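Residue numbers (my numbering): 811 to 923.
Below: the structure, in structure tokens.
Next up, the structure:
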């Protein structure tokens, strides 16, 4: 479950993201659409714990990501988050599957077959 409350993120005093409230239930899918610069990547970065919002909270399965210390955020990301970016930065000499396995190993997770 994803719960967002009062989320705001600003760069140099300019608000680039504002999400008053948003819930996504376990097993539910949501789509985030918007033009370039509308805050989509910022939203994903905040949810994944890669960025700290200016205000508000993000909870994933009851764990408040926005309040975690940096090391705890890293551990949360390793256990719970997977991001596929528009531009893939993969190791070119191995397959996509092997790139995913490498990421699992580096995160200290069990490697899927």
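All C-beta atoms, glycine included, are put in the ideal place defined by N, C-alpha and C.
Note that the structure is a prediction, hence the values are computed from the model and not measured.
Close beta carbons around residue i, own chain, < 6 angstroms, minus the five adjacent residues each side
i: residue 891; result: 858
i: residue 850; result: 842, 844
Candidates the options: closest to residue i by CA position
i: residue 825; options: 920, 848, 911; result: 848
i: residue 864; options: 852, 871, 917; result: 852
i: residue 828; options: 819, 835, 836; result: 819
i: residue 894; options: 822, 817, 837, 909; result: 909
i: residue 883; options: 898, 902, 897, 855; result: 855
Residues that DSSP places opposite residue i in a beta bridge
i: residue 825; result: 820
i: residue 877; result: Note: residue 877 sits in no beta bridge, so no partner.
Three-state secondary structure (DSSP) of residue i
i: residue 833; result: strand
i: residue 890; result: helix
i: residue 920; result: coil
For residue i, the first and last residue of its enclosing beta strand (DSSP E)
i: residue 915; result: Looking at the DSSP string, residue 915 is not in any beta strand (DSSP E); the run it does join, the alpha helix (DSSP H), is 906-916.
Endpoints, alpha helix (DSSP H) assigned at residue i
i: residue 868; result: Premise fails: residue 868 lies in the beta strand (DSSP E), 865-870, not in any alpha helix (DSSP H).
i: residue 852; result: 850-857
Own chain, CB closer than 7 angstroms to residue i, minus 5 neighbours either side, in chain order
i: residue 911; result: 921
i: residue 815; result: 831, 866, 867
i: residue 878; result: 859, 886
i: residue 906; result: 900
Contacts around residue i, its chain only, beta-carbon distance under 8 angstroms, and the 5 residues preceding and following it disregarded
i: residue 874; result: 867, 868
i: residue 872; result: 811
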